[in-house]
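Peer 1: Chains as they are written, first to last, in the numbering used here: chain G, 22 to 166; chain Y, 139 to 531.
#1: Could you please give the first and the last residue of the uninterrupted beta strand (DSSP E) stretch that includes residue 513 of chain Y?
#2: Roughly how many angstroms separate the alpha carbons of residue 133 of chain G and residue 348 of chain Y, rounded to a whole number?
#3: Tell me the residue span of the beta strand (DSSP E) that contains residue 220 of chain Y.
#4: With residue 96 of chain G as the anchor, note down where its beta strand (DSSP E) starts and where it stops.
#5: On the three-state DSSP scale, how would you describe residue 152 of chain G?
#6: Report the residue from Y:507, Y:306, Y:175 whose alpha carbon sits nearest the alpha carbon of residue 469 of chain Y.
#7: Touch check for the region 406-414 of chain Y and the region 87-104 of chain G: three-plus C-beta pairs under 8 angstroms?
#8: With a threshold of 16 other CB atoms inside 10 Å of the CB of residue 163 of chain G, please say whether the residue is buried or exposed.
#9: Could you check where the alpha helix (DSSP H) with residue 181 of chain Y kicks off and where it finishes?
#10: Please state whether the Cβ-Cβ distance between residue 329 of chain Y and residue 479 of chain Y is less than 9 angstroms.
#11: Once the 5 residues before and after residue 147 of chain Y are set aside, which same chain residues still bring their CB inside 7 angstroms of it?
#12: Please name the residue or residues paired with residue 125 of chain G in a DSSP beta bridge.
#13: Decide yes or no for the touch test of the region 161-178 of chain Y against the region 368-386 of chain Y: beta carbon pairs closer than 8 angstroms, at least 3 of them.
#14: With a threshold of 9 angstroms between beta-carbons, can residue 313 of chain Y be considered close to chain G, or not?
#15: Could you tell me whether the Cβ of residue 199 of chain Y comes closer than 9 angstroms to any Cβ of chain G?
#16: Which bits of chain Y does residue 31 of chain G rub up against, with CB to CB less than 8 angstroms?
#17: Can you tell me whether residue 275 of chain Y is helix, strand or coil according to DSSP?
#18: How many whole angstroms separate the CB atoms of residue 512 of chain Y and residue 316 of chain Y, which I take to be in contact at a CB cut-off of 8 angstroms?
#19: Roughly how many angstroms separate the alpha carbons of residue 92 of chain G and residue 181 of chain Y, rounded to a whole number?
#20: With 16 other CB atoms within 10 Å as the buried threshold, where does residue 259 of chain Y fall?
#21: Grab the span of the alpha helix (DSSP H) containing residue 290 of chain Y for me, first residue to last.
#22: Restricting to Cα atoms, I'd like to know which of Y:492, Y:458, Y:456, Y:292 is closest to residue 472 of chain Y.
#23: What residues from the region 95-107 of chain G come within 8 angstroms of chain Y, judged by C-beta to C-beta, listed N to C?
#24: DSSP three-state call for residue 581 of chain Y: helix, strand or coil?
#25: From the beta carbon of residue 402 of chain Y, is the nearest beta carbon of chain G less than 9 angstroms away?
#26: Could you compute how far the alpha carbon of residue 524 of chain Y sits from the alpha carbon of residue 28 of chain G?
#27: Which parts of the region 36-66 of chain G are runs of the alpha helix (DSSP H), unbroken and 4 residues or longer, counting only runs that do not cross its ends?
#28: State the Cα-Cα distance for the pair residue 367 of chain Y and residue 160 of chain G, rounded to the nearest angstrom.
#29: Let me check understanding here. Comparing Cα to Cα, which of Y:233, Y:510, Y:207 lies closest to residue 516 of chain Y?
#30: State the start and end residues of the unbroken beta strand (DSSP E) segment that holds residue 478 of chain Y.
#31: Could you pull out every unbroken beta strand (DSSP E) segment of at least 3 residues lying fully inside the region 320-359 of chain Y, listed in chain order?
#32: What's the call for residue 105 of chain G, buried or exposed, on a 16-neighbour Cβ count within 10 Å?
#33: So, does the CB of residue 474 of chain Y fall closer than 9 angstroms to a CB anywhere in chain G?
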């Protein structure tokens, strides 16, 4: 009788205007962040003023896509129906090689095996017709020669 | 060396009245209703007349507009100084600091600091209400959270706990000790929400919420309120209760963010505490009891390091030594805290510190020779902090 219990859709971000370029680039599978034209420093999340020098001149730089886990949690409780069959899953703060720290999921690995400083790389996940989320997966161990 | 300008506030004002409302699950009572209950109890306790109150620093649930004004209407007073503070769980300790500043500036003589909340009822009224609360539903932009299944305070604080574990070898058994201390203290407090004993086995057997946090690492959802009355030390001497002196206060805010720098393990409690110690002319060795903001077990562990009760990274060993227990070096959260008494945004930590310093609890609750107390407040997306140092003389 109760066949209405389909898995709800993934909740999607509702970006403020200053973040739209980030999400548009992500939808084209490019991971970007703002870098100041005046002082050369970067920041995240997106904002229209450099938090280091308050200059409003900046450009969107494409990240190499690699980084490391700064810290992480393994979520067991279901806060939204979409995640009901996903728990336990990993949420992490990833520090990109270029410096900015970004919140995301670590996928493609048992949550028990995630650790701080784990090397990860971006793995884009199309979550809707206009939205692609930058997730992260462990970097394959490079074979030592 | 120049004198620290904050010293002029030392011992200038005192807490002269303390009150709380029914705590825990109080269906049918609004947050404002409970807040007035607590304020009335504090007024009666102090012996001041309601008409003498000319300052209100009262906060309610996040979605209540100008809570302080609603309090004034129900108290029937036109307050010279009336506002609310917006620093999450740090708001209540910071409000005490603002009360002293307002009194010293001649803007008010008798100030009520209060908080009332209904987070148990608000989240148990219906499934819709729970989801709305958990997902921060609303029309404002939101990103870097819900799309990754990252919602609410549990996971955010757990990021800090995980990092502390990774850097310093802290374990869940250390967090368990903090949960056990709070529960044991709550069992001595007849008004506390939690009535059942908690064992280390219960702690480890409980469901995980957002690892490394399980159920017992998380504070309660509570209906309830607390309030204190503050006036000048001079005026306090003519009132009914032994004045609890406000010896020092401080605040600091890691407003660059929880993810920035190493704020997850070096909280704003460090500089906030240093400012309070400076004003009071005291240090961590002078503190007899501590009421530490315990929205999560880990926050107690990192805050006691940041306050200098032990070195950074040694909090695990410090709590494992039994230091936070009633007979330990630093009796902590002696009424049960947000973890086991009730989550009233830290307002009850202020009430408990004041009552311990009056020294009038029955022997099973009174910490012997408690003369100086430290109270911490933490909140506002993990980065806002405020500290009080109170004394019985």
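Glycine is no exception: its CB is placed at the ideal position from the N, C-alpha and C atoms.
Peer 2: From the atom records:
#1: From DSSP, the beta strand (DSSP E) with residue 513 of chain Y extends over 510-517.
#2: About 13 angstroms.
#3: DSSP places residue 220 of chain Y inside the beta strand (DSSP E), whose first and last residues are 219-221.
#4: Residues 87-96.
#5: Here residue 152 of chain G carries a strand assignment [DSSP, helix/strand/coil].
#6: In this structure, Y:507 is the residue among Y:507, Y:306, Y:175 with its C-alpha nearest to the C-alpha of residue 469 of chain Y.
#7: Flag = no, the region 406-414 of chain Y and the region 87-104 of chain G do not touch.
#8: Only weak support is given to the placement of residue 163 of chain G: the predicted model assigns it a pLDDT of 39, under 50, and the value that follows is read from those uncertain coordinates. In summary, residue 163 of chain G is exposed, with fewer than 16 beta-carbon neighbours lying within 10 Å of its beta-carbon over all protein chains present.
#9: 169-184 is the span of the alpha helix (DSSP H), which, as asked, contains residue 181 of chain Y.
#10: Contact annotation: residue 329 of chain Y and residue 479 of chain Y have beta-carbon atoms nearer than 9 angstroms.
#11: Taken in chain order, the residues that qualify are 238, 242, 417.
#12: G:113.
#13: Result no; under three Cβ-Cβ pairs closer than 8 angstroms.
#14: Residue 313 of chain Y does not count as touching chain G.
#15: Between residue 199 of chain Y and chain G, the shortest Cβ-Cβ separation is not below 9 angstroms.
#16: Chain-ordered, the chain Y residues with CB closer than 8 angstroms to the CB of residue 31 of chain G read 285.
#17: Residue placement at residue 275 of chain Y cannot be trusted, given a pLDDT of 49 that sits under 50; what the coordinates show is reported in the next sentence. If DSSP states are grouped into helix, strand and coil, residue 275 of chain Y belongs with coil.
#18: In fact, because the Cβ distance is near 16 angstroms, the residues do not count as touching under 8 angstroms.
#19: Those two C-alpha atoms are separated by around 47 angstroms.
#20: Around the Cβ of residue 259 of chain Y, a 10 Å sphere holds 16 or more other Cβ atoms; the residue is buried.
#21: Annotation: the continuous alpha helix (DSSP H) that includes residue 290 of chain Y extends over 290-306.
#22: Closest by alpha carbon: Y:492.
#23: Flagged, chain order: 95, 96, 97, 98, 100, 101, 103, 104, 107.
#24: Outside the modelled stretch of chain Y, which goes from 139 to 531, sits residue 581 of chain Y, for which no answer is possible.
#25: Yes, because at least one Cβ of chain G sits closer than 9 angstroms to the Cβ of residue 402 of chain Y.
#26: For residue 524 of chain Y and residue 28 of chain G, the distance between alpha carbons rounds to 43 angstroms.
#27: Correct list: 41-48.
#28: When only Cα atoms are considered, residue 367 of chain Y and residue 160 of chain G end up about 58 angstroms apart.
#29: Among Y:233, Y:510, Y:207, the Cα nearest to that of residue 516 of chain Y is on Y:233.
#30: That residue, residue 478 of chain Y, is in no beta strand (DSSP E); its alpha helix (DSSP H) goes 475-478.
#31: With a minimum length of 3 residues, the continuous beta strand (DSSP E) runs that stay inside the region 320-359 of chain Y are 346-349.
#32: With fewer than 16 other Cβ atoms within 10 Å, it is exposed.
#33: Answer no: the Cβ-Cβ gap between residue 474 of chain Y and chain G never drops below 9 angstroms.
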